[in-house]
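Peer 1: My questions all concern the structure below.
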C-alpha cells in the first residue's frame with residue numbers, strides 16, 4: 001500500500017515540519033542554558049515519537065484511500081459485490097480504537113496476516129511456506145482461529161489477510177469468520193484451484209471476502225512455477241467469479257526475471273479483461289537457497305513504485321506493492337508497525353518471511369501477545385531494517401532476530 005503523501009506536505013498533520021521545528025526549538029531554548037545533554041535526549045525521543053505517530057497516521061490514511069479507491073471502482077461498476085462503504089466506515093472506527101490503545105501503551109497494527117494452514121494442493125517452486133523450514137506442528141483449532149479473529153476485531157484490526165498454504169482447505173472456517181465480522185475486509189490469497197461453482201456462490205454471499213488469485217504472469221510463467229495446465233484452470237476460476245460479480249484480484253510474485261512481462265500493460269489489460277480489479281505485486285524473497293538471482297535489483301524496485309503509481313491513475317483497479325515503499329514509513333512495517341503475522345500453529349510473528357516468535361495465541365490472548373518483547377525490540381530498532389538486497393529486510397537480518405529470540 002502506498003502513502004497518499006498529503007498529510008505531511010500539506011500541513012494537515014498537526015505534527016508536520018513546522019510544528020516539529022517550533023516544539024523542539026522551545027524545548028532547546030528552555031534547557032540549553034542548564035543542561036544541553038537533557039535537551040538533546042528529549043529532542044531525540046520527541047522526534048522519534050512524532051515520526052512514529054506520523055507514519056501510523058500516514059499508513060491509516062493509505063488504508064482509507066485504498067478503500068475509497070475501491071468504492072470508486074465499484075461506483076463505475078455497480079454490479080461488483082463488495083460493501084465498500086461499510087468497510088470504510090469500520091476502518092475509521094477501527095483507527096480510533098487503535099489510537100486509544102496506543103495512548104494506553106498498546107500498539108495494534110491495522111493489518112493482521114493470518115496463515116491458517118501450511119497444507120496445499122500445489123508444490124510451487126520457491127513457496128515461502130515451504131521455505132520457512134519449520135517442523136510440522138498442529139494447526140490452530142477452529143475454536144482458537146475463530147477466537148483470534150474475534151480478538152483482532154475487538155482490538156481494532158481493519159484488515160485480516162487470509163493466507164496459507166492454500167487457505168481454502170479450511171473453507172468452512174473462513175466462511176464462518178467472515179460472516180461473523182461483515183465489516184472487516186478479508187483478502188483471501190489463494191491459488192484459486194479450489195474455487196468451484198459451490199465455493200464461488202459461497203464467496204458471493206460473503207461480501208467482505210476479496211479473493212486474490214495467484215498468477216505468475218501469462219501461461220508460460222504461471223505453468224512453469226505452478227504446474228502444467230494451471231493457467232487455464234485459473235482463467236476458469238476467474239470466469240466463475242466474474243459471472244457472480246465478485247470483486248477479486250490477482251497476486252503476482254515479481255522477480256528480476258519476470259519483471260518486464262508482469263509490469264507490461266498487455267498483462268494488466270488481460271487480467272482486467274478476465275475480471276481482476278485488484279493487483280498485488282509481491283516482491284520475491286529468496287526462501288530457498290540459490291534463488292537470490294531472482295530478487296529485484298534496486299532500479300527495478302524504484303521502477304515498480306513508479307509503475308504502480310501510474311497504473312493506479314490509468315486503470316480502474318487497485319495496484320498494491322508488498323512490502324511497498326518502506327522508506328515512506330521510516331523502515332520495515334513488520335512486528336506490528338503496520339502488520340503482524342500469525343502462523344498456522346498460532347505463533348505471533350513479525351512477518352511471514354521471519355518465523356520467529358515468543359508468544360503463541362493458543363496460550364495467550366492476542367492483546368497480551370502484542371506486548372511481546374521480541375516485537376517491541378524489532379520496532380525499536382526498525383531503522384536498522386533497511387532492505388538492500390534479498391527482498392526482505394527482516395529475513396536478511398534473521399540472525400539478529402534469532403539472537404533476540406534467544407535473549408527473550
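Residue numbers (the numbering used here): 1 to 408.
Note that the Cβ used here is the ideal one computed from N, Cα and C, for glycine as well.
No experiment lies behind these values; they were computed from the predicted model shown.
Could you pull out every residue in the same chain whose Cβ sits closer than 8 Å to the Cβ of residue 371, ignoring the five residues on either side in sequence?
Peer 2: Result list for residue 371: 106, in chain order.
Peer 1: Taking 7 Å as the cut-off, is the beta-carbon of residue 203 closer than that to any non-hydrogen atom of the ligand HEM?
Peer 2: Although the ligand HEM was asked about, the structure shown includes no ligands whatsoever.
Peer 1: Identify, in the order they occur along the chain, each residue of the same chain with its Cβ nearer than 6 Å to the Cβ of residue 221, setting aside the five sequence neighbours on each side.
Peer 2: Excluding sequence neighbours, residue 221 sits near 258.
Peer 1: Considering only DSSP beta bridges, list what residue 112 is partnered with.
Peer 2: Answer is 160, 340, bridged to residue 112.
Peer 1: If you drop the 5 nearest sequence neighbours on each side, which residues of the same chain put their C-beta closer than 6 Å to that of residue 303?
Peer 2: Taken in chain order, the list of residues that qualify is empty.
Peer 1: List the endpoints of the continuous alpha helix (DSSP H) containing residue 294.
Peer 2: Per DSSP, residue 294 belongs to no alpha helix (DSSP H) and is neither H nor E.
Peer 1: Who are the near neighbours of residue 191 in its chain, counting only those whose CB is closer than 6 Å to its CB and skipping five residues on each side?
Peer 2: Same-chain partners within the cutoff: 122, 166, 214.
Peer 1: Within 10 angstroms of the Cβ of residue 103, are there 16 or more other Cβ atoms? Answer buried if so, exposed if not.
Peer 2: Label assigned to residue 103: exposed.
Peer 1: Unbroken beta strand (DSSP E) runs of length 3 or more, entirely within the region 346-372: which are they?
Peer 2: Those beta strand (DSSP E) runs which fall completely within the region 346-372 and span 3+ residues do not exist here.
Peer 1: What is the residue span of the alpha helix (DSSP H) that residue 147 lies within?
Peer 2: Residue 147 -> alpha helix (DSSP H) spans 142-155.
Peer 1: Ends of the beta strand (DSSP E) at residue 210?
Peer 2: Start and end: 209-215.
Peer 1: Please say whether residue 273 and residue 336 have beta carbons closer to each other than 8 Å?
Peer 2: The answer is no: Cβ separation not under 8 Å.
Peer 1: Quick one, which of 154, 183, 293 has its alpha-carbon nearest residue 89's?
Peer 2: It is 183 whose Cα lies nearest to the Cα of residue 89.
Peer 1: Give me the Cβ distance between residue 114 and residue 174, rounded to the nearest whole Å; I'm assuming they're in contact under 8 Å.
Peer 2: Not a contact, Cβ separation roughly 10 Å.
Peer 1: Starting from residue 218, follow the beta strand (DSSP E) in both directions and report where the run begins and ends.
Peer 2: Segment: none, residue 218 is in no beta strand (DSSP E) and carries neither H nor E.
Peer 1: With distances taken between CB atoms, is the gap from residue 318 to residue 278 smaller than 8 Å?
Peer 2: Cβ atoms of residue 318 and residue 278: closer than 8 Å.
Peer 1: May I ask which residues mark the beginning and end of the beta strand (DSSP E) holding residue 320?
Peer 2: First-last of the beta strand (DSSP E) with residue 320: 318-322.
Peer 1: What are the residues that DSSP puts in a beta bridge with residue 278?
Peer 2: In the DSSP output, where bridge partners are listed per residue, residue 278 has 249, 318.
Peer 1: Under a three-way DSSP split, which group does residue 234 fall into?
Peer 2: In this structure, residue 234 counts as helix in the three-state DSSP scheme.
Peer 1: Could you check which residue in 178, 168, 201 has the C-alpha nearest to that of residue 149?
Peer 2: The candidate whose alpha carbon is nearest that of residue 149 is 178.
Peer 1: Which of the three DSSP states, helix, strand or coil, is assigned to residue 117?
Peer 2: Coil, per DSSP.
Peer 1: To the nearest angstrom, how far is the alpha carbon of residue 287 from that of residue 231?
Peer 2: Between residue 287 and residue 231, the C-alpha separation is close to 24 Å.
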